[in-house]
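Worksheet for the structure shown next.
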Amino acid sequence: MTLEAAVQLRLGALALDVELSVPAGEVVALLGPNGAGKTTLLRALAGLVPIERGSVRLDGATLEDSATGTYVPTEKRPIGFVFQDYLLFPHMTVLENVAFGVRSRQTAMAWVERVGLGAFAGARPSQLSGGQRQRAALARALAPDPRLLLLDEPMAALDASARTEVRRDLRRHLSSFPGVRLLVTHDPLEAVALADRLIVIEQGKVVQQGTPAEVTERPRSPYVADLVGVNLLRGEARDGSVTMDNGQAIAAAGAASGPVFAVIHPRAVALHLHRPEGSPRNVWRGRTDAIEVAGDRARVRVLGPIPVVAEVTPASLAELRLAEGTDVWLSFKATDVSVYPA
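Residues in the sequence shown are numbered from 0 upward in steps of one, following numbering that gives the first Met the number 0.
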C-alpha cells in the first residue's frame, strides 16, 4: 500500500508544488515553518482543498486527478484525519464521537478502550484533558479502518508536561496501524521520536528529505540548521577553503571543489576578548548580537564578516563578561567544519 501524490495549487500567497511517495511501512513527518504549506497539503490529500494540477493515488486507486477530472469526495476517501484542535463534537460523548464514522457501536467501544478511555466513554470533550481529547480524536480517525492516516500537529494543543506520555502512546498506536501514516509537525523532537523519514517543506516546495539522522546531520536550508542548532554556510569549495557569495572565506578540512554546504557546530566556536594565539585557522573579530541562556549552555550570536552562533558555558559567559554589543574574537578549527555537496 502506497500513497502517491503530486499536488499543485494556490491558496492566497501560498504556491504549493509537492510530490511525495509514502509506503505503508514507514511514518513520514512533514516539517517546515509556519505558512510553508504543510497543513494545506494534508487537506488537499483529504479532498478538503481542491487540487489545481496533479493527482492523489492510494493503494493504486485514484482519489483525484486534474487531468481526467476524477474527484472522490472527502467522506468517501479511506482516510482518517486528526486535526490540530481535534474538532471533537462538543455535544457528543467520547463513544458517540468515535462511533460517528462507523456503523458498529461495538467497534467504536473497542477503540475507546484500546486508547485507554474506557472509563470516559460517556464523558463530553469538555470533561477531558488535552491528552485524552487527542486520544479520542485518534480513535475516531482509526475506527473506520482507513488506509491513510493524516495527523496535523497532533501535540500542538498539549502542554509540555503531557507531551512525553502522549508522544509515547501515539508512537505505539502509529506502529500498530497497517496503513500509510503522514503527520505534520514543527517540533523536531516530535518528528525524530515519531517518524522514520522527514520531508522538509518551505514556501510550498520540498527542500530536503531523508531519515532524521540524514536531515539533522546534513541540513540543506537555514530553517533546518536552526532546528538542529548549527551554523550553516553555503559557498564554493577549493583547496581546503569555502568562499561565500560575499567573498568571505573559511578554512575547511576536506573541502575539495564545487558548490558545498559547510556546517560548524556552535560548540566548536570559541570566544575571546583578545585575538587568540595558537592553531585555529578561522579567526575574526565580531560583536555579540544576542545571548540566550538555556540550562548549562549559552548561545551567543556574533555579527561580523560571517555571522556565527557560538555555544559556551554560563561560567565562560561570566568570565568573559559578555553582554549584547561586546566586541569579541571568535575562532574555530578547519577540522571542525563539516563539508558536503550543495
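For every residue, glycine included, the Cβ atom is placed at its ideal position computed from N, Cα and C.
None of the values given here were measured: they were computed from a predicted structure.
C-beta contact flag for residue i and residue j at 9 Å
i, j, result
"G46", "V71", "yes"
"E152", "T38", "yes"
"R180", "A23", "yes"
"L29", "L182", "yes"
"V97", "A43", "no"
"I353", "P124", "This structure leaves residue 353 out entirely; the chain is present only between 0 and 341."
"P218", "F260", "yes"
"V301", "V308", "yes"
"V114", "L94", "no"
"V241", "L231", "no"
"R296", "P313", "yes"
"T184", "D195", "no"
"L19", "I198", "yes"
"L116", "A138", "yes"
"Y222", "V205", "no"
"L173", "Q133", "no"
"F88", "F99", "yes"
Integer-rounded CB distance, given that residue j should sit under 8 Å from residue i
i, j, result
"E257", "V338", "Note on residue identity: the sequence assigns Gly, not Glu, to residue 257. Going by Cβ atoms, the distance from G257 to V338 rounds to 10 Å, so no, they are not a contact pair."
"V48", "L2", "About 16 Å; that fails the 8 Å criterion."
"L272", "V26", "That pair is no contact at about 48 Å."
"D326", "R284", "7 Å"
"R167", "E189", "With a Cβ gap of about 12 Å, R167 and E189 do not count as contacting."
"V17", "I200", "7 Å"
"V262", "V214", "About 12 Å; that fails the 8 Å criterion."
"F331", "A255", "Not quite, the Cβ-Cβ distance comes to about 20 Å (not below 8 Å), so this is no contact."
"L15", "G203", "4 Å"
"M108", "A122", "Their Cβ separation, rounded to whole angstroms, is 14 Å, which puts M108 and A122 out of contact at 8 Å."
Residue from the options with nearest C-alpha to residue i
i, options, result
"I290", "G130, G100, L270, R284", "L270"
"T92", "S65, G115, L127", "L127"
"D186", "P32, P265, F119", "P32"
"I50", "T73, G59, G34", "T73"
"L13", "G277, A35, D225, F88", "A35"
"A142", "G303, T106, G277, H264", "T106"
"T148", "A60, L41, P211", "Residue identity differs from the one stated: residue 148 is Leu in this sequence, not Thr. The shortest Cα separation from L148 among A60, L41, P211 belongs to L41."
"P373", "G246, G239, P306", "Outside the displayed span of the chain (0 to 341) sits residue 373, for which this structure offers no information."
"R162", "L15, Q131, A255, A140", "Q131"
"A251", "G68, G303, R237", "R237"
"A317", "F331, V299, E63, S330", "V299"
"G277", "L329, L169, G239, V191", "L329"
"V292", "R171, A322, D225", "A322"
For the 8 Å Cβ check, are there 3 or more pairs between the stretch 70-90 and the stretch 136-152?
Yes, since at least three Cβ pairs between the stretch 70-90 and the stretch 136-152 fall closer than 8 Å, the two stretches touch.
May I have a chain-ordered list of the beta strand (DSSP E) segments no shorter than 3 residues that lie completely inside the stretch 119-168?
List check, beta strand (DSSP E) in window: 147-151.
Quick one: complete alpha helix (DSSP H) runs, 4+ long, within the stretch 205-287?
Within the stretch 205-287, the alpha helix (DSSP H) runs of at least 4 residues that lie entirely inside it are, in chain order, 211-216, 221-227.
Curious, which full-length alpha helix (DSSP H) runs of at least 4 residues does the stretch 293-337 contain?
Taking only runs of at least 4 residues, the alpha helix (DSSP H) segments lying wholly in the stretch 293-337 are 313-319.
Quick one: which unbroken beta strand (DSSP E) runs of 3-plus residues sit fully inside the stretch 24-62? Chain order, please.
As summarised for the stretch 24-62, the continuous beta strand (DSSP E) elements at least 3 residues long and confined to that stretch are 26-30, 52-57, given in chain order.
For a minimum of 4 consecutive residues, which ranges assigned as the alpha helix (DSSP H) are wholly contained in the stretch 51-115?
If we require 4 residues or more, the alpha helix (DSSP H) runs fully inside the stretch 51-115 come out as 93-98, 104-113.
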